[in-house]
Amino acid sequence: MSQATQPETVPSTWVKIASTDALAGPRPVAPVTAFGQKLVLFRDEEGELGLIGRYCPHRGADLCFGRHENNGIRCPFHGWHFDRSGQCTEQPAEPVDSTMYKAIKLPSFTVVERNGEIFAWSGEGTPPVLDA
Amino acid sequence: MITQKLNDQITRIGPNTPAGAVHRQYWQPAALTDELAGANDPMLPVNLLGERLVMMRDEAGDLILATREASADEAPTHHPAREDIRLVEGGPVYPVVEKNGICFAFMGEGEPPAFPNFDCFRAPESHVFAFKGLWECNWLQALEIGIDPSHASFLHRFLQDEDPSDGYGKQFRDKAANTDMPITQVLREYPRPDIEVDETPFGLKITSLRHMKGGLTHVRVTNQIFPSAICIPMSREMIITQWHVPVDDENCYWYTMFTSFDKPVNKELMREQRLKEHSLPDYAPLKNASNNYHYDPEEQKSLTYTGMGMDINVHDQWAVESMGAIQDRTREHLGRGDAAIIRYRLLLRKAIKAVQTGKLDRLPMQDMQTTPEIMGPLSNDAIADSDDWLGASMATDMERRQAAPWDATV
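Going line by line, the protein sequences match chains V and W.
Position 115, counted from 1, in the first sequence is what my numbering calls 115; the numbers after and before it change by one each time, with no gaps.
Position 162, counted from 1, in the second sequence is what my numbering calls 294; the numbers after and before it change by one each time, with no gaps.
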């Protein structure tokens, strides 16, 4: 990749965050610290990876102990459910007519798997080419 | 979301802090009577509201809390041996009153307030069992889970119901009143309660309504007792009155009085159930962050919502400790299910302001005449026709009060 083509504010490199082995067990969920944040890495039921904020945006419970179900992670405290983009998709304790979940999104990062290792990129838009 | 400044104001409780000053206007659980172990001359280390104390008897034989010397790097629940305890000459000394298994201390200035006439204080000693346990987090997040009626449908969900007849001394194991449904099933099948919050002379009355099939409504009434306690039903026979008492800003004890309306409490059984989950002398739970609360992903798939066993205390402990030592409320997003939490924070902020402006009569339960007249509070589960849930909730409570072998009338 060429440094010169990247504006200074855009992170130019992928960061190795875990090895594929970290998600090898029957419950593919693992804590990760990267980009100065505590995050949770998981593989959803479509086989895609998600790297999202670790603490539930509701009251801060730890999603590393979340229920791995419904193609995402569900907080055990009140059942708030998040997909791999960090979007909240369900708030099953809130009234049926509530649409609050639509406005709730955890930080999330682009992730790729290459040669048994998992890399993340913290920028927006099109990521740089991964040389790994 | 609230500002960091406000979060600090409502959570920090050391000497000369705004919320600490509010706590110091109330009797605080300081030790279990069990911890004194019948000693005539006790020297029991007590760590309370950021102060390092020792419970002992004064020359008249009355229990007091005196200040002890402590190094700045002591562990939060440090428990020095008797021979290592040194009193601070001329340090503060606080009065202590023992009530049904708990030694309460008053750490404020001036006259202590009267005790309200709650069931846990009125019931005879035979009908009340007290215990405590350490949670490694700020007291406010520990209290807030107790005034959050919707979490029980998730955090405490059992994917299979136990036989309620095996549930003595445990939360949510009874059948819902007048039905064959275990409470666990009601909570699981109806996860979106309507929550009503009413201000009372003692704090808040919290009513959770779960509208069920067949025109029935499950009514669960719980209470916030200002500043740090809750009163909730445990079974048809027993209620729980539980304080979340700050050790310091980042640790707290729950102190619970289990009060029976019917038979004397089986204290040996309840003590044994709980002692095997805790280590002494600091009553630290054996399942904790250092061993991932014995989290088992297989169990989480098939049996419990958390994968942390059947003891709901452990679920609560995980939830509140996993937020961090002091929950970062600048990142929270409260919903309609958090109505009682929002209301409680307003009460606390009002109380902080009242203390700061010297208007102590604006705090709940400070009036010497009316506070002893505060009874109850009503705390129960009932299932009723949806158009008469309020009447049914009152009737269920009155029924057990009238049948009680002690004077539980209100």
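Glycine included, C-beta positions come from ideal geometry on N, C-alpha and C.
DSSP-derived helix/strand/coil call for residue i
i	result
residue 281 of chain W	coil
residue 403 of chain W	helix
residue 157 of chain W	coil
residue 265 of chain W	strand
residue 497 of chain W	coil
residue 388 of chain W	strand
residue 536 of chain W	coil
residue 473 of chain W	helix
residue 445 of chain W	helix
residue 54 of chain V	coil
residue 425 of chain W	helix
residue 3 of chain V	Any answer about residue 3 of chain V is weak, because its pLDDT of 44 lies below 50 and its placement is not dependable; what the coordinates show is given next. Residue 3 of chain V: helix per DSSP, three-state reduction.
residue 115 of chain V	coil
residue 353 of chain W	strand
residue 145 of chain W	coil
residue 522 of chain W	helix
residue 8 of chain V	In this prediction, residue 8 of chain V has a pLDDT of 48, which is less than 50 and means its spatial position is unreliable; what the coordinates show is noted afterwards. Three-state DSSP puts residue 8 of chain V in coil, outside helix and strand.
residue 324 of chain W	coil
Residue i: contacting residues in chain W (beta-carbon distance under 8 angstroms)
i	result
residue 95 of chain V	324, 326 and 468
Of the residues the options, the one placed nearest residue i, counting alpha carbons only
i	options	result
residue 445 of chain W	W/147, W/525, W/374 and W/165	W/374
residue 161 of chain W	W/181, W/150 and W/518	W/181
residue 194 of chain W	W/477, W/427, W/227 and W/418	W/227
residue 242 of chain W	W/529, W/492, W/530 and W/148	W/492
residue 207 of chain W	W/172, W/179 and W/341	W/179
residue 539 of chain W	W/351, W/251 and W/147	W/251
residue 267 of chain W	W/399, W/419 and W/176	W/419
residue 322 of chain W	W/341, W/336, W/440 and W/331	W/341
residue 238 of chain W	W/536, W/210, W/377 and W/414	W/377
residue 476 of chain W	W/324, W/487 and W/360	W/360
residue 471 of chain W	W/486, W/386 and W/324	W/324
residue 519 of chain W	W/351, W/260 and W/447	W/351
residue 176 of chain W	W/143, W/216 and W/432	W/216
residue 455 of chain W	V/68, V/86, V/56 and V/99	V/56
residue 256 of chain W	W/389, W/468 and W/332	W/389
Whether residue i touches residue j by CB criterion (7 angstroms)
i	j	result
residue 141 of chain W	residue 495 of chain W	no
residue 49 of chain V	residue 111 of chain V	yes
residue 416 of chain W	residue 453 of chain W	no
residue 487 of chain W	residue 508 of chain W	no
residue 119 of chain V	residue 16 of chain V	yes
residue 82 of chain V	residue 106 of chain V	yes
residue 122 of chain V	residue 42 of chain V	no
Where residue i meets chain V, residues with beta-carbon distance less than 9 angstroms
i	result
residue 459 of chain W	59 and 60
residue 480 of chain W	Under the 9 angstroms cutoff, chain V gives no residues; its nearest Cβ is about 17 angstroms from residue 480 of chain W.
Contact list for residue i against chain V, beta-carbon separation under 8 angstroms
i	result
residue 455 of chain W	55, 59, 60, 61 and 62
residue 438 of chain W	65 and 76
residue 463 of chain W	55, 57 and 60
residue 283 of chain W	77, 78 and 93
Closer than 7 angstroms at the beta carbon, the chain W residues around residue i
i	result
residue 43 of chain V	Per Cβ cutoff of 7 angstroms: no residues; residue 43 of chain V is ~14 angstroms from chain W at best.
residue 104 of chain V	465
Neighbour list for residue i in chain W, Cβ cutoff strictly below 9 angstroms
i	result
residue 26 of chain V	429, 430 and 433
Chain V contact residues for residue i, given Cβ-Cβ distances below 7 angstroms
i	result
residue 286 of chain W	76, 77, 78, 79 and 93
Worksheet item: Of the residues that make up the segment 74–101 of chain V, which ones have a beta carbon closer than 7 angstroms to any beta carbon in chain W?
Response: Listed by position, the residues of the segment 74–101 of chain V near chain W (Cβ gap below 7 angstroms) are 76, 77, 78, 79, 91, 92, 93, 94, 95, 96, 98 and 100.
Item to complete: Name, going along the chain, the residues of the segment 407–428 of chain W whose beta-carbon falls closer than 7 angstroms to a beta-carbon of chain V.
Response: Under the 7 angstroms Cβ criterion, the segment 407–428 of chain W contributes 427.
Worksheet entry | Contacting positions in the segment 165–198 of chain W - beta carbon closer than 8 angstroms to chain V | Those would be none; no residue qualifies.
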